[in-house]
Every structure is written in C-alpha cells, then in structure tokens.
Ligand SMILES: O=C(O)CCC(=O)C(=O)O
C-alpha cells in the first residue's frame, strides 16, 4: 500500500494523497473551531491591519484540543507518515493550523521548514490536510526535488524576518517567483479528505486564498522518524520550546511525554 506515493515522496519531497482522510473532516473542523475560540500562546494573525481575509495560524496545542489528539492517535496519519518516511516509527512533533479567510491576499512566502525547527532528522514529514476545497490557483506549491539540494536556506518567518541563529551562514533562498520556469513546481486541486505529505526540507509556499466564498482552512501535522534529535540553533526557533533549551543539548533524544511515538 502507498508504494507509488512512497516513491514520489522520496523523489519529489511532496506527494498528494487522495481521499484518505474523508472520515476525519468533521473532527478536524471541530479542532480548528476549538483552537480559534481558545487560541494558544503562539497564536498569530499575520494580517492585523486587514479588514477582511485574515491569515491566522497557531501551533503546539494538540494536547489541549481533543479532536486534534484523536486525529493524531486514531486516524491513519501516523501509519501513513511511517510508511512514507520509511521509518520504523512515527513521532508527533506538533500540529500547525493555517487559516486564510475568504479573499485573503496574504501569500505564504517560499521557504523550507527544517532550518527553523529545533530538531534534526533525515526522516521528516508534514501532512497538510485541507478542510475546504482548494483550487489549483489557491494551492500550496512545492519545488520538486528541493529536499535533495543539500541546502539549509536562512530561516525566515511568514512575515519575511530572518531568524538570527548563532554562527549560521545559511544562504538566502533564491527569488523563485521571478524564475518559476526554472523549477518543477508541484501543486494540486484539493478536496476535503485529500492531503499533501512533504519533507521538512522541501521548499514550499502558497498564494492567498482566491476564493471569496470560503476560507482555506488547513492543519499541518508534523511527524518525525527514527533518527530525530533535539537541536539548539543558538537563537529563536519556530516553534520556540524555551523549556527544551533549558534541559536539552544538541543531539539529545526528544522527550517522549511531549513528542510521543504514535505508531
Ligand atoms: O498553509 C500555508 O499557507 C503554508 C503551510 C506551510 O508552510 C507548512 O505547512 O509548512
């Protein structure tokens, strides 16, 4: 099962999974609603000055949001992550809610996630699960094969600020939008029930939400494989986990209570 998807995930660093989460849409919608009603400490509105079409995000709340906890522990997500990562186990890193309201013009800039995470692993997978139909024009996009470039581009927030990591000499990401024809850019029309699996090193970005009728709600569930360890990046990370920096050093195993092995 999933052998074709496994090949594409390995080759392209991103693959679409069709219809595997149809039974989980109501659960995840309830999770987003609960998150919005009771935001966590890292809640961000990226569009505070907009009167409409807000882009908000929050993360690391799944242990306080029962529908997210249910999805993580009971849906096929962990087994799928394990299979695609070709890992003996799948560990939960965190969930990330990303909601663009109807007509939101806020673009998610091109980036890859690994440089700002306080973890290191060869086997990594984010499962981006949309809860609304997403047209190709509004779709999150991926640069095929960019996870194999051997690059760690300088970490940048969704607002364009660079992270200041001690001793880091990372390159700046090239201007992809000016040279789209130079890249193999992947993106898909999506329906609720579909998902996209991608590697933490795969470069990705998303346009605004071109639909004026509905939001573009998504939850990205971040998974880690067998070799995952903690990394102190010598500066702020995203997520931040300040308590981990106090008790862990680079190369230490991740604490099981906070980052449990699910499958
Ligand atoms: O949903 C988006 O706009 C971006 C998602 C993303 O960057 C991620 O899941 O890592």
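Residue numbers (the working numbering): -8 to 254. We put the CB at the ideal spot given by N, CA and C, even for glycine. Owing to the predicted nature of the structure, the values given are computational and were not obtained by experimental measurement.
| query | result |
| --- | --- |
| Ligand 1 and residue 138: does any heavy atom of the ligand fall closer than 7 angstroms to the residue's C-beta? | no |
| Only counting the same chain, and skipping five residues up and downstream in sequence, which positions put a Cβ closer than 8 angstroms to that of residue 98? | 196, 197, 198, 199 |
| Rounded to the nearest angstrom, how far is the Cβ of residue 266 from that of residue 253, given a contact under 8 angstroms? | The first residue shown for the chain is -8 and the last is 254, placing residue 266 beyond what the model contains. |
| Within the segment -6 to 61, note down every full beta strand (DSSP E) run reaching 3 residues or more, in order along the chain. | 5 to 8, 46 to 50 |
| Among the candidates 71, 148, 203, whose CA atom is the shortest distance from the CA of residue -5? | 71 |
| Does the distance from the C-beta atom of residue 183 to that of residue 16 stay below 8 angstroms? | yes |
| Which one or two residues does DSSP pair with residue 147 in a beta bridge? | 153 |
| Can the beta-carbon of residue 224 be found less than 8 angstroms from the beta-carbon of residue 143? | no |
| Taking DSSP's pairing of strands, which residues face residue 255 in a bridge? | No statement about residue 255 is possible, as the shown extent of the chain runs from -8 to 254 and does not include it. |
| Can at least three beta-carbon pairs, one atom from the segment 163 to 171 and one from the segment 106 to 119, be found at a separation below 8 angstroms? | no |
| Among 35, 231, 135, 41, which residue has its Cα nearest to the Cα of residue 0? | 135 |
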